[in-house]
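In our numbering, the protein residues as written are 44 to 273.
Where is the CB? At the ideal position from N, CA and C, for every residue including glycine.
Quantities reported herein were computed from a predicted structural model and do not represent experimental measurements.
First comes the structure, then the notes that go with it.
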């Protein structure tokens with residue numbers, strides 16, 4: 044995704060987001076997005092499984108912090124939080140992707156990159172990746188009551204090197220499993236069927252942070268777990 048940036052007195056880059064249905068028909072057009080009078084530079088959005096709200100994670104044009112906005116079912120937006128960059132002002136927080144847990148806590152991946160005003164280019168000079176978990180209550184998101192016995196999966200060893208075992212609660216006998224990195228690149232997928240322990244070979248995974256998403260056989264999300272590959 045490109046970014047709005049001020050170069051030679053004009054702005055260029057991402058114009059917001061649109062929703063299309065399965066037939067490619069435009070459902071909602073939010074291009075040229077403006078929040079509180081400020082133009083969006085980067086945006087990632089989370090759709091909650093059981094809520095009608097959406098969470099937008101935003102870096103505004105020519106600003107270096109990350110902002111959180113909740114969108115209700117009527118399309119109204121409300122700012123609910125801010126991730127403040129306390130470092131050098133020439134570095135910007137860039138949101139990569141956002142996921143929600145079963146109780147609606149937020150897992151956010153972002154990186155710190157040299158601002159294009161200083162670099163003269165649109166955020167192409169590397170950066171440092173980060174990941175953080177934010178409680179739903181801190182962003183004024185409604186929490187879900189969950190059955191931990193039903194939803195929990197255990198990973199071992201974590202961190203791992205060559206392989207990782209996934210122990211899934213016996214209440215989930217069939218389903219699906221996906222493994223992806225912080226850039227949402229998929230590395231592994233599996234069909235879960237009539238056993239509680241699965242082995243993932245991670246020897247060829249690059250070192251870093253990974254997520255395991257587990258679904259039941261109807262594709263309802265059971266849980267998201269994180270592990271580290273050394």
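Of the residues assessed, residue 228 falls on the exposed side of the cut-off, its CB having fewer than 16 other CB atoms within 10 angstroms. Contact annotation: residue 78 and residue 112 have beta-carbon atoms nearer than 8 Å. If you draw a straight line from the Cα of residue 231 to the Cα of residue 98, it comes to about 27 Å. Bridge partners of residue 181 according to DSSP: none are assigned. Fewer than three pairs of CB atoms, one per stretch, sit closer than 8 Å, so the segment 195-209 makes no contact with the segment 138-153.
Segment contact: the segment 169-187 against the segment 144-157, three or more CB-CB distances shorter than 8 Å; contact assigned. Take residue 108, set aside five residues on each side of it, and the residues of its chain with a beta-carbon closer than 8 Å to its own are 102, 125, 126, 127, 128, 136, in chain order. Burial state of residue 70 is exposed, judged by a 10 Å Cβ sphere holding fewer than 16 other Cβ atoms.
Less than 8 Å separates the beta-carbon of residue 76 from that of residue 83. Per DSSP, the unbroken beta strand (DSSP E) holding residue 266 starts and ends at 264-272. The residue among 257, 66, 81 with its C-alpha nearest the C-alpha of residue 216 is 257. Between residue 225 and residue 251 a beta carbon distance of about 7 Å is seen, short of the 8 Å cut, so the two are scored as contacting. For the pair residue 245 and residue 91, the Cα-to-Cα distance works out to about 30 Å. As DSSP reads the structure, residue 99 sits in a beta bridge with 88, 112. Collapsing the DSSP output to three states places residue 221 in a strand. Around the Cβ of residue 144, a 10 Å sphere holds 16 or more other Cβ atoms; the residue is buried. Residue 138 sits in a strand when the DSSP states are folded into three classes. About 12 Å separates the beta carbon of residue 254 from that of residue 272, a gap too long to meet the 8 Å contact definition.
Each of 122, 264, 148 was checked against the Cα of residue 80, and the nearest Cα belongs to 122. Partner residues in the beta bridge of residue 244, as assigned by DSSP, are 206.
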